[in-house]
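Since the structure comes first, as structure tokens, the remarks are kept for the end.
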Amino acid sequence: MKTIGWKRMATALVILLLIVALAGCGAVQSSPSANSNQNAAQTSQKGKTIKVALIPKAIGIPYFTGAEQGAQSVAAALNIKLTYNGPTTLSASDQVSMINSYVAEGYNVIAVSANDPTSLAPALKAAMKKGVKVITWDSDTVPDARQFFVNQATVDGIGSTLVKVVADHFKGKQTDVAILSSTPSNTNQNQWIDAMKKTIADKYPNLHIKTIQYDQGQPSTGVSATENIVKGFPTVKAIISPDSVGLPAAAEAVEKLGLQGKIYVTGLADPVVMKKYVDDGTVQKYVLWNVLDLGKLTMNVARAVADGTMPTSGTFKVKGLGDFQVNNGQVLLGLPMIFDKAATDKYNF
Amino acid sequence: MDILKMVNISKSFNGTAVLKDVSFEVRAGEVHALIGENGAGKSTLIKIAAGVYNSDDGETFFDGREVQIGTPADAHRLGIFTVHQEPSVMPNLSVAENVLMGFHPYRRFAFRWVDKKAMYRKTEEVFGKLGLKMDVRRNAGELTIAQQQMLEIAKALVHDVRVLILDEPTATLSDHETGLLFEIVRRLRDQGTAVIFVSHRLHEVFSLSDRITVMRDGEKVATSVAASLSEQELVRLMVGRELRLGSFESRATNREKPLLQVSGLSNAPWFDDVSFALYPGEVLAMAGLVGSGRTNVAEAIFGIQPARSGQVVVNGEALHMRSIKQALEHGIAYIPEDRHKHGVALAMSLRANVTLVNVPARPRLGCIDRRREIQISAEAVQRLNIKAQGVEQPVGQLSGGNQQKVVLAKWLAAGPKIIILDEPTRGVDVGAKGEIHRIIDGLAREGNAVLVISSDLPEILVLADRTLVMHEGRLVGELHREDTSEESIMALATGTAIRTA
Amino acid sequence: MKNEPSLFWKIMQSRESFLLGLILLLLLIMLVVSPSFLGPGNLMNILTNCATVAIVALGETIVIITKGIDLSVGATMGMVTLFTGSLALNGFPLAVVILVAFLAGIVAGALNGVLISYLKLPPIIVTLGTLSVYSGIMYVITKGNWVTNLPAGLLQLGNFRLFGFVPAPVVVLVVLLLVSTLFLQFSIPGRHIYAVGNNEASARLSGINIKRVIFSAYLIAGFFSAVAGIFYVAYNGFSTPSTGGNMELDAIAAAVIGGTNVFGGKGTPLGTLLGAILLGIVTGALVFFHIPAVWNLAVEGIVILAAVISDAALYRMQTRRI
Amino acid sequence: MKRSKFFANWSYGIIAVFLLEMVILSSVTPKFLSNLLPMTENFMPIGIMALSMTLVIIAGGIDLSIGSVVSFSGVIMGLLWQHGMNIWVAGLLAVLIGGLAGFINGQIIVRTGIQPLIATLATQFIWGSLAVVLSNQGSIYGFPGSFLLLGTGFLYGYLPVQLVIFVVLALLFAYLLNKTVFGRQVLFIGNSESVSAYSGVNVNRVKTWTYVLSGLTAGLSGVIMGSFFASVRGDMGQGLELTVITGCLVGGVNVFGGAGTIVGAAFGVLLLGMLSQGLNFMNVSSQVQAIITGVILILAVAIQQLGTIFARRRKMTGGEGAGKLRGERRARVE
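Line by line, the protein sequences give chains A, B, C and D. Taking this note's numbering, I'd label the letters of the first sequence as residues 1078 to 1426. Taking this note's numbering, I'd label the letters of the second sequence as residues 19 to 519. Taking this note's numbering, I'd label the letters of the third sequence as residues 28 to 349. Taking this note's numbering, I'd label the letters of the fourth sequence as residues 230 to 563.
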């Protein structure tokens, strides 16, 4: 073994890379020059059929399926050709890949519920540069990466409502609370948890968050995590799960342990999933908003943006849906609703 | 009377005829040897008998009735069993389970349940029949090669074995173990079993068999009673010409300064306090039973399996014996015993194999110099007379002897001064064997130091200037050329010499 | 040259007793630190929580013993949960639901088996492919919806308690453990599975139908996944199209910790169960020690490494002794 | 066995299939062709990692930890930058951290002798967990604009920088595998580790290097993805390893080691990546895409398997050696 070629190879590899990097620097631009503005930017699409891509955080979640139903129900009337598709896992990079495809394919409007506020920004900005209208719904990106955000409820609103449900139940008593989130890296969950912490610090010093556990998006993991919470933190009297897998799983576990009424369970989830637990009294109140309306509103905003008639501030009137406040690019659906048994029976998403 | 009779068997693989109209039969109570060079077709013939291959043409009769042996299971049903050259055990299963796999004794309780007690009892009985003591509950992976070989025979004995096929069973065995095996085979023969014995070792063939069938190039050359043949005749029949292991003229060895000096090398329990010197221009043989520690000593010198104490000095410089690389840098080459496991990568080309140890590379960027590579391998093909279609042919397509030459070529390409060969001609046919012996002789004459580890006593007698004998991990004797004989080596190797001394 | 191994070595050699010792040690530590951990209900909980993974892992173990690997077990289980749930929701009688669910698992396993044994494709590739296919089918079955608000019959199946305190998944787990142990240790086809994993060539020469053995191993894995799936949805009360994601990794981890050798031929159902329990206890213990749950996966990784490295080290020490 | 030859053929086959795919997709969706180059940006990190994964698999290993290493090194880069380090220096350090993670994988595997599948599964959990913890469960963003060009920039206005990096690395890796001593040793180790060891090849070192390269490319991918997404997250690489491995296998890399080409792996990734983009164009939903990917993987390997069998039938000559080898192949295949 006289020659140890690969040692040099490694060096050569690094050097070559550097050369390429340096040589490239001067000539690099931020967008391809060949095919920009292919969608004839700035022209109004008024009266024409527009293609809208409605991208959820992930497919296979009733919440988003509900929004899709809402969107589908108004698409035809708005002269919208609607495509609903998203990644199978909560992946920002898969969303970027889809956004790029849809932009290239010539969609007029991209409406996305972002898995991450920043990761999608470059792709969305590039889309806007090409004249594609970008709106976010359900979950926002950084403001400069989209034109409008259809906001079903603010982060603070959700956080404070969730805490309020618990605080109202315990009425000032010292209470230990546990949180069951989806995954440690889920941005929305973490934002809501932060908002909850803030609300507790500001208004409800009697509540104490003892632990945060994760269901990893799996019902069984949610059930066992709840059981572990109950055993490992015997003082915990309330579980908040701002996750639509976590809440039914927590309810299921509490039911199994026979602790209905002893441990208060609430969180964010869809009525259709919660029906059973509300019916048998394990869960009394939980938080959500009208997801169908969210889908409908998003479609209306998409149409208005494409037509160039969307006000950045003021009131956005939608026939049959109502008037919505628009504030600096944020279209507010309304406040989060607290669902009880009656409301649960009323909705089907 | 003939138990198994195969008539006009033909077989070809992808258009190449491997067997042409071969007829062969074996009687109850006889050992029928089947010999021939590699490629003569004997393996194919016994595999057809064992149901591994199916013949293209020809009939097979068993007990006078025509039979179809389509699968190994068919063969087993008839009582035809094969003991292979390399025992192939299931290492994590008990000896008993290995022996009875496929034929578990069972009790019916809704389903068939393995009857472990019966399984152990039955296996113990079988080993009893063989006259062997064996813990049948032990995992087969813990057995020595020889014990595993016995296990293979036991597998056959569980059944009513009518025809026992031994496919080079002694290749991995020491002479002592071989003796034990032959005793068992003779006992079986006396009980009426028909034995087909395939071997390269002619003296074994003569000592064991009643009749001999010689094959060459896919055809049967002759069948005759063993006693009526001489060894020379047999070799002539096999290769189609007169050929014998020629001896070599004595070599001029420079005994002033050893090239390799081994002192006090120990690695219990494999070997202990091994010391010897190896001089330029000599062939030193190392004899001993399998498991006596010869290979371990070689691997220690080469840095594969470091010794715990002792010293290896090459040309006055001590090795730390921890890396193959250092051994290489000191000009040591080791041609290992197991060709397929350690010698050649079968799917790779002859060229890549030959240049593996010392890939010719351009100094810049470590780029392989392909032209040099082709040149080196082409030279090796010529020098060692390797029969191949070209240097790009995958080594797996070559015959065993030629594969062994590729291993040699690989090491010679590195330009070693000290060459250690471990069983260099195992599983190699007679013709190639002679060639390899000439190569070894040539290496020594060029002034290299050669150490040959061999269980093949005639080979040692032909090659060695001196012979070291190991017994149970210790060096028990050194024989000079004039004192070397099969008897003197065996006396030392089996320990009888020590006891009498 | 061989001495009889001492009792210590014998115990260490047996993976099961080694793991059992480790588990007892962990429990002892827990007892000292936090006595409430050892309440009878809690131990049963731990067992219940790892039951699904353990059932899937039992099937995986059988596949690994044949020197294969099945990456699709999690997806198969998830698929079955959705089949079961959808059928039950559509009002089919429980018997039909269960039958179809079994069938779904068996068909999934059989497809793996056919591709691997009869078409001779590498197991890791085939099951990586079917992992994609089966999880894609999951979305197709329900069009993205969850199965929830299940009929009482199915829920009762998942929530009955034997003698009033042994939950259904544990009962099923114990039954399957016994069945698979009996099958692997004492039935003839079971021994053939070990034979194939140990030495395929030798097994063939013993007259064993290799293809059939390998095929049946994947079939069994599919069946076990189906059982796990039925009880998963019946016990947890709902399921989503991503149920079972990454469960194959946990199943492989449990099997490997339990001493199943990925080179084939070695492993027992009991070892696998103990491996799953060890993982379950460690996860539970993290909560008790109030360690943030973000570390869960890291600890699981460390347990896997510790288990396989200790196994390798023990093996080396043992062989050095001889 | 002409296995190596055949797999070389497979890499031509995969190029043909790739071109066919291009033709079909561009005829079905007219806008596909005009967006060809920019679209590659969506999966170039996968391609980059497939290059080194090819070496790992050829040497008989597998690396399941790369997805987590992507996240881990990306997060490290983000943290270093947040603490005031120049982003390029931070990126370079992140790549090296990736290499270190690979080195640890390699050392665990060669020193303990445990299966790569298991070892890297465990480190996948560990690195992934650490990445999430370090990122403080959120994303790190706000990188300078010049850095973002690495992932989103275009050379001369039409060549994506990512694609350029990939092509340069692909050429380097092809050179590494085919023309250098290291590459030769990787191939030999995959064919027979013991033969290589007995021939003086430092098997442990070569194997470790394959994992180091794997870690380095994963680190680089983390940096590029950080630039492409203008942010880094603790879960940004999650699940990438399976896509990378799928690309390699579709590209004809033998999962048992010993055979495979860089060209094949590169086009395997391109094939799958472009397919996914094209299916997005055609409004095919993600679940159907998953099914299609799975079927393609199995088909690709099945076709190779059939090809090897035919090749063997054609090429096999007689002789004892050949017969013996055939027996062995049978033993393994059946």
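Beta carbons: idealized from backbone N, C-alpha and C, even for Gly.
Problem - Under the three-state DSSP convention, the category Ala1118 (chain A) falls into - result: Per-residue confidence for Ala1118 (chain A) stands at a pLDDT of 46, beneath the threshold of 50, marking its modelled position as unreliable; the derived number appears in the next sentence. Under the three-state reduction of DSSP output, Ala1118 (chain A) falls in the coil class, being neither helix nor strand.
Handout entry: Interface positions of the stretch 268-301 of chain C facing chain B (Cβ-Cβ less than 7 Å), listed along the chain
Key = Contacts with chain B (Cβ-Cβ distance below 7 Å) from the stretch 268-301 of chain C involve Gly292 and Lys293, listed in chain order.
Handout entry: Pairwise C-alpha distance: Gly418 (chain B) and Leu261 (chain B)
Key = With a pLDDT of 49 at Leu261 (chain B), under the threshold of 50, the modelled position of that residue is not reliable, and no figure is offered here.
Problem - Closer than 9 Å to chain C by CB, Arg130 (chain B) - result: So yes, Arg130 (chain B) belongs to the interface.
Problem - Start and end residues, beta strand (DSSP E) containing Ser460 (chain D) - result: Here the beta strand (DSSP E) through Ser460 (chain D) covers Ser460 to Arg462.
Practice task
Verify whether the separation of the beta carbon atoms of Gly1137 (chain A) and Gly101 (chain C) is less than 9 Å.
Solution key: No, the pair does not count as a contact, with Cβ atoms beyond the cut-off.
Problem - Element boundaries [alpha helix (DSSP H), containing Phe45 (chain C)] - result: Per DSSP, Phe45 (chain C) is one residue of the alpha helix (DSSP H) stretching across Arg42 to Val60.
Problem - Span separating the alpha-carbon of Val410 (chain D) from that of Tyr352 (chain B) - result: Answer to the nearest angstrom: the Cα atoms are 21 Å apart.
Handout entry: Every unbroken alpha helix (DSSP H) within the stretch 346-425 of chain B, with a cutoff of 4 residues, ordered by chain
Key = Runs found: 368-372 and 388-401.
Problem - Opening and closing residue of the beta strand (DSSP E) in which Ile1289 (chain A) lies - result: Bounds of the beta strand (DSSP E) holding Ile1289 (chain A) are Leu1284 to Tyr1291.
Handout entry: Simplified DSSP state of Glu270 (chain D), which is helix, strand or coil
Key = When secondary structure is reduced to three states using DSSP, Glu270 (chain D) falls in the helix class.
Practice task
Note down, in chain order, each residue of its chain lying with its Cβ closer than 6 Å to the Cβ of Val375 (chain B), except the 5 sequence neighbours on either side.
Solution key: Here Val375 (chain B) has Lys428 and Ala432 as same chain residues with Cβ atoms under 6 Å from its own Cβ, once five neighbours each way along the sequence are excluded.
Problem - Exposure of Asp292 (chain D), with buried meaning 16 or more beta-carbon neighbours within 10 Å - result: Sixteen is the threshold: when 16 or more other Cβ atoms of the shown chains lie within 10 Å of the Cβ of Asp292 (chain D), as they do, the residue is buried.
Handout entry: 8 Å CB neighbourhood of Arg219 (chain B) in its chain, flanking five on each side removed
Key = Counting only Cβ-Cβ distances below 8 Å, and skipping sequence neighbours, we find Thr188 and Asp474.
Exercise for the section: May I ask you to report which of helix, strand or coil DSSP gives Arg484 (chain B)? Expected result: In the three-state DSSP reduction, Arg484 (chain B) falls in the strand class (E or B).
Exercise for the section: Give, in chain order, every residue of the stretch 362-374 of chain B whose Cβ lies closer than 9 Å to some Cβ of chain D. Expected result: Taking 9 Å as the upper bound on Cβ-Cβ separation, chain D lies near residues Val362, Ala363, Leu364, Ala365, Met366, Ser367, Ala370, Asn371, Thr373 and Leu374 of the stretch 362-374 of chain B.
Exercise for the section: Determine the contact status of Val446 (chain B) and Ile457 (chain B), defining contact as a CB-CB distance below 9 Å. Expected result: No; because the gap between Cβ atoms is not below 9 Å, this pair is not in contact.
Problem - Neighbouring residues, chain A, relative to His317 (chain C) (Cβ below 9 Å) - result: In chain order: Lys1287, Thr1288, Gly1309 and Phe1310.
Exercise for the section: Report the residue from D:Asn512, D:Gly487, D:Met511 and D:Asn509 whose alpha carbon sits nearest the alpha carbon of Gly289 (chain D). Expected result: The candidate whose alpha carbon is nearest that of Gly289 (chain D) is D:Gly487.
Handout entry: Other residues of its chain near Leu1369 (chain A): CB distance less than 8 Å, five sequence neighbours each side excluded
Key = Listed in chain order, the non-local C-beta contacts of Leu1369 (chain A) below 8 Å within the same chain comprise Gly1143, Ala1144, Gln1146, Gly1147, Ser1150, Tyr1424 and Phe1426, local neighbours out to five positions each way being set aside.
Handout entry: Interface flag, Gly66 (chain C) vs chain A, CB-CB below 9 Å
Key = For Gly66 (chain C), at least one C-beta of chain A is nearer than 9 Å to its own C-beta.
Exercise for the section: Under 8 Å between beta-carbons, which chain B residues line up against Asn238 (chain D)? List them in chain order, please. Expected result: Within 8 Å Cβ-Cβ: nothing; Asn238 (chain D) doesn't reach chain B, min ~15 Å.
Problem - Contact between the stretch 137-151 of chain C and the stretch 305-316 of chain C (3+ Cβ pairs under 8 Å) - result: Counting Cβ pairs under 8 Å, fewer than three are found: no touch.
Problem - Residue of D:Met251, D:Ile474, D:Ala360 and D:Gly455 minimising C-alpha distance to Leu1197 (chain A) - result: Leu1197 (chain A) has its Cα closest to that of D:Gly455, out of D:Met251, D:Ile474, D:Ala360 and D:Gly455.
Exercise for the section: Consider the Cβ of Ile336 (chain C): report whether some Cβ of chain D lies at a distance smaller than 9 Å. Expected result: The C-beta of Ile336 (chain C) comes closer than 9 Å to at least one C-beta of chain D.
Practice task
Kindly list the residues whose CB is nearer than 6 Å to the CB of Glu170 (chain B), restricted to its own chain and excluding five residues on each side of it in sequence; keep chain order.
Solution key: These residues qualify, in order along the chain: Val101 and Pro105.
Problem - Cutoff 7 Å; reference Glu227 (chain B); Cβ partners in own chain excluding five residues on either side - result: Looking at the sequence provided, one finds Ser at residue 227 (chain B) rather than Glu. The beta carbon of Ser227 (chain B) sits closer than 7 Å to those of Val49, His50, Ala51, Phe215 and Ala244, all from its chain and outside the five residues before and after it, given in chain order.
Practice task
Given a cut-off of 9 Å, decide if Gly306 (chain B) and Ser192 (chain B) are closer than it, judged by their beta-carbon atoms.
Solution key: Yes.
Handout entry: Inter-residue Cα distance where the pair is Pro378 (chain B) and Arg390 (chain B)
Key = Between Pro378 (chain B) and Arg390 (chain B), the C-alpha separation is close to 7 Å.
Exercise for the section: Report yes or no: is there a C-beta of chain D within less than 9 Å of the C-beta of Lys546 (chain B)? Expected result: Since the displayed chain B opens at 19 and closes at 519, residue 546 (chain B) lies outside it and no answer follows.
Problem - Contacts around Ala1383 (chain A), its chain only, beta-carbon distance under 7 Å, and the 5 residues preceding and following it disregarded - result: If we look at Ala1383 (chain A) and ignore the five residues flanking it on each side, its Cβ neighbours are Gln1122, Ile1127, Asn1185, Val1186 and Lys1210.
Practice task
Express the C-alpha separation of Ala323 (chain D) and Thr475 (chain D) in angstroms, rounding to a whole number.
Solution key: About 26 Å.
Exercise for the section: Spell out a yes or no on whether the stretch 78-88 of chain C and the stretch 294-302 of chain C are touching, meaning 3 or more CB-CB pairs, one atom from each, closer than 8 Å. Expected result: Result yes; three or more Cβ-Cβ pairs closer than 8 Å.
Practice task
Whole angstroms is fine: what's the gap from Val299 (chain D)'s alpha carbon to Ile1277 (chain A)'s?
Solution key: Annotation: Val299 (chain D) to Ile1277 (chain A) spans about 36 Å, alpha carbon to alpha carbon.
Problem - Within chain D, partners of Val1173 (chain A) - CB distance below 8 Å - result: Neighbours of Val1173 (chain A) on chain D, chain order: Asn271, Phe457 and Phe458.
Practice task
Taking Gly299 (chain B) and Ala270 (chain B) to be in contact with their CB atoms under 8 Å, please state how far apart those CB atoms are, rounded to whole angstroms.
Solution key: With a Cβ gap of about 6 Å, Gly299 (chain B) and Ala270 (chain B) count as contacting.
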